[in-house]
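For the record, in the sequence shown the residue sitting at position 138 is 138 according to full-length UniProt numbering, with numbers rising by one throughout. Glycine residues also receive a C-beta, built at the ideal position from the N, C-alpha and C atoms. Quick caveat: nothing in here was measured; it's all calculated off a predicted structure.
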Amino acid sequence: MNNVFVYCEIEDGQVADVSQELLTKGRSLANELKCNLEAIAIGHKLENVGSEIIPYGVDTLYLADDKRLSPYQTLPHTAIVVKLFQEQKPQIALMGASSIGRDLGPRVSSALHSGLTADCTSLVIGEHFDKKANKNYENLLYQIRPAFGGNIIATIINPDCRPQMATVREGVMKKSILDPKYKGKIVNLEVPKYVSDTDFVVEVVERHMEKSKLNIKGSPIVVAGGYGVGSKENFRLLHELAEVLGGEVGASRAAVDAGYVEHERQIGQTGLTVRPKLYIACGISGQIQHRAGMDQSAQIIAINTDPEAPINAIADYVITGDIAEIVPKMIKYYKKN
Ligand code: FAD
Numbered sequence: 001m002n003n004v005f006v007y008c009e010i011e012d013g014q015v016a017d018v019s020q021e022l023l024t025k026g027r028s029l030a031n032e033l034k035c036n037l038e039a040i041a042i043g044h045k046l047e048n049v050g051s052e053i054i055p056y057g058v059d060t061l062y063l064a065d066d067k068r069l070s071p072y073q074t075l076p077h078t079a080i081v082v083k084l085f086q087e088q089k090p091q092i093a094l095m096g097a098s099s100i101g102r103d104l105g106p107r108v109s110s111a112l113h114s115g116l117t118a119d120c121t122s123l124v125i126g127e128h129f130d131k132k133a134n135k136n137y138e139n140l141l142y143q144i145r146p147a148f149g150g151n152i153i154a155t156i157i158n159p160d161c162r163p164q165m166a167t168v169r170e171g172v173m174k175k176s177i178l179d180p181k182y183k184g185k186i187v188n189l190e191v192p193k194y195v196s197d198t199d200f201v202v203e204v205v206e207r208h209m210e211k212s213k214l215n216i217k218g219s220p221i222v223v224a225g226g227y228g229v230g231s232k233e234n235f236r237l238l239h240e241l242a243e244v245l246g247g248e249v250g251a252s253r254a255a256v257d258a259g260y261v262e263h264e265r266q267i268g269q270t271g272l273t274v275r276p277k278l279y280i281a282c283g284i285s286g287q288i289q290h291r292a293g294m295d296q297s298a299q300i301i302a303i304n305t306d307p308e309a310p311i312n313a314i315a316d317y318v319i320t321g322d323i324a325e326i327v328p329k330m331i332k333y334y335k336k337n
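Structure (structure tokens):
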């Protein structure tokens with residue numbers, strides 16, 4: 001009762017990265033609130049997920065295991081989560097802002113009349129004084145996210161409804177196992193008690209998965225290009241630099257919109273969130289929507305003709321100049337060394 005709850009997404013028998021990040025965050029929130037951390041995983045052949053999930057400090061893991069529950073299906077997954085939340089009454093419920101979380105979260109919150117803050121970038125515990133009601137609320141979840149096109153950072157609270165529900169984007173929070181031998185318990189749910197046959201309206205006949213060969217999120221070095229790169233052809237320079245450094249190429253939305261580079265390389269509020277050891281921003285002005293996806297990088301180098309470009313304010317090293325001159329010099333230098 002009144003615990004912190006994380007919905008764990010299962011991808012091909014593995015716990016999704018975003019869920020592992022949320023388990024880490026969930027554990028720290030539970031510590032602060034002095035309550036338990038609980039989690040749910042729904043799918044098929046879940047025998048091994050317990051040993052993956054519990055070490056994050058999960059006190060109770062609920063498993064709903066049934067052949068028909070894999071892959072994800074909207075109605076049965078919603079039915080199970082809604083019923084479990086009605087029984088367990090969590091004070092906080094977290095999901096990834098993935099395609100699954102974005103489908104499931106609003107349905108669950110609507111069924112529970114709880115509200116939901118989507119795409120949070122930070123979650124902290126705080127308090128709120130309601131002047132009208134002359135009432136102080138303690139231990140509220142501050143759900144923090146960019147709003148109005150990223151022009152403001154909004155803190156959203158939900159004083160009276162439970163659970164306080166939020167989705168969080170992948171890569172925004174760090175994942176870290178608490179204790180490989182953590183003693184949590186597993187509760188196997190009796191699936192027919194949670195979902196009825198009529199919820200299974202979709203039959204998956206065949207699946208075709210297109211796996212991206214790109215690994216921008218996992219790359220230690222990202223060479224990112226913006227509108228200032230100027231053309232698709234000029235982006236070849238960035239690919240060459242990335243290859244020499246053993247990194248990947250990323251991009252701003254303006255570069256993607258201009259057709260210089262594929263959408264799957266976009267970094268920022270509506271793209272990927274990365275935190276590499278080194279981020280080289282080439283011809284990127286550094287608007288807040290772009291920074292939202294890269295400002296946690298360990299080291300940032302900005303290459304820009306404009307010495308006043310906003311990206312320079314968060315860069316560790318600034319190179320003021322034209323990409324067409326600087327990037328070939330870098331390629332030459334790193335090829336030699
Ligand atoms: P510009 O702002 O046009 O900057 C180009 C830069 O290149 C300038 O600083 C210029 O000085 C420099 N330059 C020009 N020529 C050269 C040269 N030869 N050598 C070196 N430097 C040069 N943006 C994202 O990136 N990711 C997102 O996920 C994202 N999501 C968004 C979501 C919303 C709701 C909205 C409203 C916007 C979003 N944007 C996003 C867009 C964002 O606001 C900016 O428009 C975008 O990031 C700008 O891209 P840019 O820096 O490449 O282009």
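Using DSSP bridges, identify the partner residues of Asp130. Sequence index remark: in the sequence shown, residue 130 carries index 130 (1-based). Beta-bridge pairing links Asp130 to Lys135.
Cβ separation of Val4 and Ile80, assumed to be a contact under 8 Å, to the nearest whole Å: As a working note, residue 4 is residue 4 in the sequence shown. As a working note, residue 80 is residue 80 in the sequence shown. At roughly 19 Å, the Cβ-Cβ gap does not stay under 8 Å, so Val4 and Ile80 are not in contact.
Can you check DSSP and say which residues form a bridge with Asp66? On the sequence shown, residue 66 is found 66 positions in, with the first residue counted as 1. According to DSSP, which records beta bridges pairwise, Asp66 is partnered with nothing at all.
Which residues in the same chain as Glu52 place their Cβ atom closer than 6 Å to its Cβ, once the five residues preceding and following it in sequence are excluded? As a working mapping, residue 52 is identified with position 52 in the sequence shown. So the list reads Val15, once near-sequence residues are dropped.
Bridge partners of Cys35, per DSSP? Stepping through the sequence shown from its first residue, residue 35 is reached at position 35. None; Cys35 has no bridge partner.
If you drop the 5 nearest sequence neighbours on each side, which residues of the same chain put their C-beta closer than 7 Å to that of Pro55? Residue mapping note: residue 55 aligns to position 55 of the sequence shown, counting from 1. Once the five neighbours on either side are set aside, the close Cβ partners of Pro55 are Ile177, Leu178, Asp179, Pro180, Tyr182.
Tell me the DSSP bridge mates of Ala41? For this step, residue 41 is matched to residue 41 along the sequence shown. Paired residue(s): Cys8, Leu63.
Just mark Phe129 as buried or exposed, buried being the case when its beta carbon has 16 or more other beta carbons within 10 Å. Taking the first residue of the sequence shown as 1, we reach residue 129 at position 129. Exposed is the call here.
Determine whether the beta carbon atoms of Cys282 and Ala242 lie at a separation below 8 Å. Within the sequence shown, residue 282 is the residue found at index 282, counting from 1. Within the sequence shown, residue 242 is the residue found at index 242, counting from 1. Contact: no.
Can you find the residues in the same chain that come closer than 7 Å, C-beta to C-beta, to Ala97, ignoring five residues on each side of it along the sequence? The residue given as residue 97 occupies position 97 in the sequence shown. Within the same chain, Ala97 has close Cβ partners Ala118, Asp119, Thr167, Val168, Arg169.
Can you tell me whether Ser99 is buried or exposed, with buried defined as 16 or more other CB within 10 angstroms of its CB? Reading the sequence shown from its first residue, position 99 is the one you call residue 99. Exposed, since its Cβ has fewer than 16 Cβ neighbours within 10 Å.
Any non-hydrogen atom of ligand 1 within 7 Å of Gly250 CB: Here residue 250 refers to the residue found at position 250 when the sequence shown is read from its first residue. Not so, every heavy atom of ligand 1 lies at least 7 Å from the Cβ.
Are at least three pairs of beta-carbons, each pair with one atom in the stretch 245-252 and one in the stretch 212-224, less than 8 Å apart? yes
Hey, could you find the ends of the alpha helix (DSSP H) Lys185 is sitting in? Start at 1 with the first residue of the sequence shown, and residue 185 comes out as number 185. Run containing Lys185: none in the alpha helix (DSSP H); it sits in the beta strand (DSSP E), 185-188.
Looking at ligand 1, does it come within less than 7 Å of Ala97, judged from the CB to the closest heavy atom? Residue 97 sits at position 97 when you count from the first residue of the sequence shown. Every heavy atom of ligand 1 is 7 Å or more from the Cβ of Ala97, so no.
On the three-state DSSP scale, how would you describe Asn48? To locate residue 48, count along the sequence shown from 1; it is residue 48. The answer is coil: DSSP assigns Asn48 none of H, G, I, E or B.
Counting beta carbon pairs with one atom in the stretch 72-88 and one in the stretch 26-45, are three or more of them shorter than 8 Å? yes
Out of Tyr62, Val49, Lys25, which one is the CA nearest neighbour of Leu189? Numbered from 1 along the sequence shown, position 189 holds the residue referred to as residue 189. Considering only alpha carbons, the answer is Tyr62.
How is the beta strand (DSSP E) around Val222 delimited, first residue to last? For the purposes of this step, residue 222 is taken as the residue at position 222 of the sequence shown. 221-225 is the span of the beta strand (DSSP E), which, as asked, contains Val222.
I'd like the ranges of any alpha helix (DSSP H) spanning at least 4 consecutive residues and lying wholly in the stretch 195-246. 232-245
In angstroms with no decimal places, state the Cα-to-Cα distance between Gly321 and Arg265. Residue 321 sits at position 321 when you count from the first residue of the sequence shown. Residue 265 sits at position 265 when you count from the first residue of the sequence shown. In a straight line, the C-alpha of Gly321 is about 24 Å away from that of Arg265.
Compare the beta carbon distance of Lys132 and Asp17 with 8 Å and say whether it is the shorter of the two. Counting from 1 along the sequence shown, the entry for residue 132 is found at position 132. Counting from 1 along the sequence shown, the entry for residue 17 is found at position 17. In this structure, Asp17 does not lie closer than 8 Å to Lys132 by Cβ.
Indicate the three-state DSSP secondary structure (helix, strand or coil) for Asp103 in the structure shown. Indexing the sequence shown from 1 puts residue 103 at position 103. Asp103: helix per DSSP, three-state reduction.
So what does DSSP say about Leu278, is it helix, strand or coil? Taking the first residue of the sequence shown as position 1, residue 278 is located at position 278. Leu278: strand per DSSP, three-state reduction.
Per-residue DSSP class, three states only, for Val256: Within the sequence shown, the letter at position 256 stands for residue 256. Of the three classes helix, strand and coil, the one that applies to Val256 here is helix, per DSSP.
I believe Val191 touches Ala64 by the beta-carbon criterion, under 8 Å. Please report the beta-carbon distance rounded to the nearest angstrom. Looking up residue 191 in the sequence shown gives position 191. Looking up residue 64 in the sequence shown gives position 64. Correct: roughly 5 Å between the Cβ atoms.
Given a threshold of 16 other Cβ atoms within 10 Å of its Cβ, counted over all protein chains shown, does Asn136 qualify as buried or as exposed? For the purposes of this step, residue 136 is identified with residue 136 of the sequence shown, where counting begins at 1. It is exposed - the Cβ of Asn136 has fewer than 16 other Cβ atoms within 10 Å.
Since Met95 sits in a beta bridge, which residues does DSSP pair it with? Start at 1 with the first residue of the sequence shown, and residue 95 comes out as number 95. In the DSSP output, where bridge partners are listed per residue, Met95 has Thr167.
Span of the alpha helix (DSSP H) holding Gln88? As a first step, residue 88 is located in the sequence shown; it is residue number 88 there, counting from the start. 74-88 is the extent of the alpha helix (DSSP H) around Gln88.
State the CB to CB distance for the pair Pro163 and Ala93, rounded to an integer number of angstroms; the pair is presumed to be in contact (CB under 8 Å). Locating residue 163 in the sequence shown gives position 163, counting from the first residue. Locating residue 93 in the sequence shown gives position 93, counting from the first residue. Yes, they are in contact, since the Cβ atoms of Pro163 and Ala93 sit about 4 Å apart, within 8 Å.
If the criterion is Cβ atoms closer than 8 Å, does the pair Ile144 and Ser109 meet it? In the sequence shown, residue 144 corresponds to position 144, counting from 1. In the sequence shown, residue 109 corresponds to position 109, counting from 1. No, they are not a contact pair.
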